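What follows is a single structure, written as structure tokens, with notes after it.
Numbering (the numbering used here), first residue to last: 3 to 424.
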């Protein structure tokens, strides 16, 4: 078997393409400023929560059908359509001035998410299967995810510079379209073999549509009858929903800290906020890049993949409680550190969850199976995001985060995963 350490990876051209894809995908310059941009546009936390809920409901409706389409008709086509939808979404955000316009932008973003989520991971796992690297899933995916997180780190600094230069958050959406157009070109260069086994067979593709859908759905149903797969899906979706529903509340916390720090006092408040957010998110994403890169090594040391997943779940809930309580008590520095730890745990955990599920899923329906996880996540977020927004408006951001973390603690017994038994 080829060596996946050092030079072995450097000789794998597709590995370099996967890393370049992740780097470009995470040049989402709006990510560190999304909540602040929507607040600047006059939206309440509840209105922001409902926008997130609309996005997640749209994603939920489309998720499994698009995953099945990717498995049946070609994963590259699905990815190209998804990134085209992203570009339309960014342009819509740039032009939006009313709530209904933000709704349209969110729905376009949901189209991008559904055609992308699960599909690219399935392409990575298909490449590993073809090359005989299947036992190194956590290591390989962790390395590709590290490039994504480094992209996020760089994006936070570029975004801060754009906000300082233009004096507005709006430009960061237009700028985000550029790397996504580049990713469209990169995805077009992926080998046809990554489309999936039955797509590359002669005589299949867009013909026999009904047969392909039926076969993909049968494999998906068989996977969902495995209790280990179901627990893995619930664990991955539950933690992801918790993380994605709460992570952006770091932005108003950093903003509050920026306004009281006795530095850069000659600058306006929004300029100080942009600089501090850029710096904070840069170091957060550097840390998460390091975490993803070392996920495989940590799993190898602890031996049990299930133990790593369960431990990261418990620590993540604990960090969220600490972050929420610190925000509640106006201990902003402690809250920022807690959110940093939460980001690190999420990026240690994600490659492990993907590896855990890949060991238990039919490789021909990997995109469909991972789409189920995303659909579960979106269902949870569709409820959690507006609820957290309402709590933030009523009792404050910190108290709302603590309440959500406590609820997650109550459902933890259903999120525990187990290693394979002999």
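All C-beta atoms, glycine included, are put in the ideal place defined by N, C-alpha and C. All of these numbers come straight from a predicted model, not from anything done at the bench.
Within the same chain, and ignoring the five residues on either side of residue 52 in sequence, the residues whose Cβ sits closer than 6 Å to its Cβ are 388. The C-beta separation of residue 26 from residue 188 comes to about 7 Å, placing the pair in contact by the 8 Å criterion. Within 10 angstroms of the beta-carbon of residue 397 lie fewer than 16 other beta-carbons, which makes it exposed. Looking at 353, 83, 125 and 100, the one whose alpha-carbon comes closest to that of residue 296 is 353.
Scanning the region 48-110 from its first residue to its last, the whole alpha helix (DSSP H) runs of 4-plus residues come out as 77-97. Of the candidates 93, 31 and 110, 110 places its Cα closest to the Cα of residue 54.
One alpha carbon belongs to residue 240, the other to residue 379, and they sit about 6 Å apart.
In the structure shown, residue 141 adopts helical secondary structure according to DSSP, grouped into three states.
A distance of 8 Å or more separates the beta carbons of residue 411 and residue 402. Going by DSSP, residue 414 is part of no alpha helix (DSSP H) at all; its letter is neither H nor E. Where residue 360 is concerned, the enclosing alpha helix (DSSP H) starts and stops at 334-360. Between residue 91 and residue 178, the alpha-carbon positions lie close to 10 Å from each other. In this structure residue 95 is in contact with residue 107, their Cβ atoms being roughly 5 Å apart against a cut-off of 8 Å. Annotated three-state conformation of residue 192 is coil, per DSSP. In the structure shown, residue 36 falls within a helical segment according to DSSP collapsed to helix, strand and coil.
Of the other Cβ atoms in all chains shown, fewer than 16 fall within 10 Å of the Cβ of residue 42; this residue is therefore exposed. Taking 8 Å as the cut-off, the beta carbon of residue 407 is found no closer than this to the beta carbon of residue 336.
Judged by DSSP secondary structure, residue 172 falls outside any alpha helix (DSSP H); it is assigned neither H nor E.
With contacts defined by Cβ atoms closer than 8 Å, residue 358 and residue 155 do not form a contacting pair. In the three-state scheme derived from DSSP, where H, G and I count as helix and E and B as strand, residue 379 is classed as helix. In the assembly as shown, residue 40 is a buried residue. Its beta-carbon has 16 or more other beta-carbons within 10 Å. Ranked by how close their Cα comes to the Cα of residue 316, the residues 172, 104, 417 and 190 have 417 in first place.
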